[in-house]
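Sequential numbering from 1242 applies to the sequence shown in the working numbering. To start, the structure under review is shown below, and the notes come after it.
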Amino acid sequence: MKYSFIVTIGAAALAVLGPGAGSSRAGEREATQLGSMLKRAQQVRDIQMTDEEELKLGEAVSERIRLRYGVVQDPAIHKYVTLVGGVLAQASTRPNLSWRFVVLDTDGVNALAAPGGLVHITRGALSLIGSEAELAGVLGHEIIHVTEKHTIKAIQKGKMVQMGAGETVGSSGVFNKLVEKATDVVMAGFGRDEELEADRKGIVIANAVGYDPNGLKAFLTTLADRNKASTEKQGLFASHPEMKERFDKLDATIKSSKLTGTATVVARYKASVTYAPVAITAIATVEKGSAGLAGSGSAKTDSSTKAADEEAKAEKPKKKGFGIGRLVAPSSGGEKQASETTGSSAARGVDTERNAKGGGNPKLVAVTLTAADLTTFKKDGKLN
Ligand SMILES: [Zn+2]
């Protein structure tokens, strides 16, 4: 373990970021460590992961995501996002995970939660977010995907990884397949129920620390408007039934749970985040193949790449249109997987945000936080 940068704050431990999960870590070591739990289960759908095992998986998934999009090499923005995320994580049901918050270097608007506490948000998303309460809404949503173990549950439910007869449970192939499937799940978005759960519980923790619980809805409204403006054909988006259901449920939660947080913290957000939004039509994308995540993070991929591709396609969870990224570029062809679409126009239903070009540096940016930093941050933002 290279995690020499975990700071304990009261009962909760908030991990601060370090470049510990370097690319050399994926592979045999993790495979060996996961082997013990796989032996207990024979099939992944039966596994019970320890927090440490979950983190190993999440680190490998994060590595793939970071190789795909790059990481903004700016300690200041990472510190700010980590402070907001850290405050929320402390209020979650799993405050002691090694929470890390990573800003991805792409104009595409997305937020992605890897198992174990690795939450990613894109530069493009930060550019569209208008307040700290909105950021808290998005990060709260992603934090719930982690605390409720949605990725692992999806793999189990879909029986996406199974052991062949005579296959060695500790083999790197099994671990790599887990990583591959988990990455697919994270990138495709979760099912409707999981997304609504993340919305509901996410705004509850945002509210618990004092943020206005309407932040998530405000950001989703911005996304809907952005989409509407991008092409006339996507003008139906604002009345998209899934969006309406989502808004209705957010409102219902605010009412039934009596969420009355008021902190929006606009000024601090504007002072901390100065990215300019890029119109969806102006976002550079990468073509299928180079955009694909499968195999991008590790040399240990199946030799039969084509077969693996087909399999991944077949096993990919159905896109329900609920993920943060999903809300940005749906269209008449919104059910179609972006990776299956040729061409590059948002008007034709390509998931521009997900296929957006990324930066070239996947290295994590170290953040050092103290308990005093968090206390000051909360006080300055008039948080609880
Ligand atoms: Zn989600």
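Cβ atoms here follow ideal geometry from the backbone N, Cα and C, with glycine treated the same way.
At a cut-off of 7 Å, the beta-carbon of Glu1294 does not count as near ligand 1: no heavy atom of the ligand is closer than that. In this structure, the alpha-carbon of Val1606 lies about 6 Å from that of Gln1314. Not one heavy atom of ligand 1 falls within 7 Å of the beta-carbon of Gly1327. Rounded to the nearest angstrom, the gap between the Cα atoms of Lys1458 and Glu1375 is 8 Å. In the DSSP assignment, Val1387 falls outside any beta strand (DSSP E) and within the unbroken alpha helix (DSSP H) covering Glu1373 to Thr1388. In the structure shown, the three-state DSSP call for Tyr1321 is helix. Each residue's CA atom was taken as its position, placing Lys1604 and His1319 some 12 Å apart. With contacts defined by Cβ atoms closer than 8 Å, Leu1491 and Leu1298 do not form a contacting pair. In this structure the region 1439 to 1449 touches the region 1494 to 1506; the number of beta carbon pairs closer than 8 Å is three or more. Between ligand 1 and the CB of Phe1488, the shortest heavy atom gap is not smaller than 7 Å.
One thing to note: Asp1348 has its Cβ no nearer than 8 Å to the Cβ of Gly1371. Asp1592 sits buried, since 16 or more C-beta atoms from the chains shown fall within 10 Å of its C-beta. For Tyr1452, the secondary structure class from DSSP, reduced to helix, strand or coil, is strand.
The C-beta distance from Glu1421 to Gly1430 rounds to 17 Å, too long to meet the 8 Å contact threshold. Approximately 14 Å separates the beta-carbon atoms of Ile1396 and Val1387; this is outside 8 Å, ruling out the contact. For Ala1597, the secondary structure class from DSSP, reduced to helix, strand or coil, is strand.
Here DSSP, grouped into helix, strand and coil, assigns Ile1444 to helix. Asn1417 is classed as buried because its beta carbon has at least 16 other beta carbons within 10 Å across all chains shown.
The three-state reading of DSSP puts Val1350 in coil, since its state is none of H, G, I, E or B. Leu1624 is not a Cβ neighbour of Leu1324, given a cutoff of 8 Å.
Between Tyr1452 and Ala1493, the gap from beta carbon to beta carbon reaches 8 Å or more. Residue Pro1518 holds the alpha-carbon nearest to the alpha-carbon of Asn1468 among Asp1489, Pro1518, Lys1598 and Glu1486. Pairing Gly1326 with Val1302 gives a Cβ-Cβ distance that is not under 8 Å.
Taken from the Cβ of Gly1430, at least one heavy atom of ligand 1 lies inside 7 Å.
With respect to Ser1339, Gly1311 sits apart: the two C-beta atoms are not nearer than 8 Å. Of the candidates Lys1598, Ala1613, Arg1305 and Pro1454, Arg1305 places its Cα closest to the Cα of Ala1423. Residue burial is scored here from C-beta neighbours: Glu1389 has at least 16 other C-beta atoms within 10 angstroms and is therefore classed as buried.
Closest in alpha carbon position to Ala1512, among Glu1483, Leu1367, Asp1614 and Thr1363, is Leu1367. If you ignore the 5 residues before and after Ile1385, its C-beta comes within less than 6 Å of the C-beta of Ala1439, Lys1442 and Gly1443, all in its own chain and listed in chain order. When only Cα atoms are considered, Tyr1321 and Thr1291 end up about 29 Å apart. Per DSSP, reduced to three states, the secondary structure at Ile1362 is strand. If you check the C-beta of His1361 against ligand 1, you find no heavy atom less than 7 Å away. DSSP, read as helix, strand or coil, puts Arg1309 in helix. Rounded to whole angstroms, the separation of the alpha carbons of Ile1524 and Lys1598 is 8 Å. For Val1426, the enclosing alpha helix (DSSP H) has its first and last residue at Ser1413 to Ala1429. Burial state of Glu1383 is buried, judged by a 10 Å Cβ sphere holding 16 or more other Cβ atoms.
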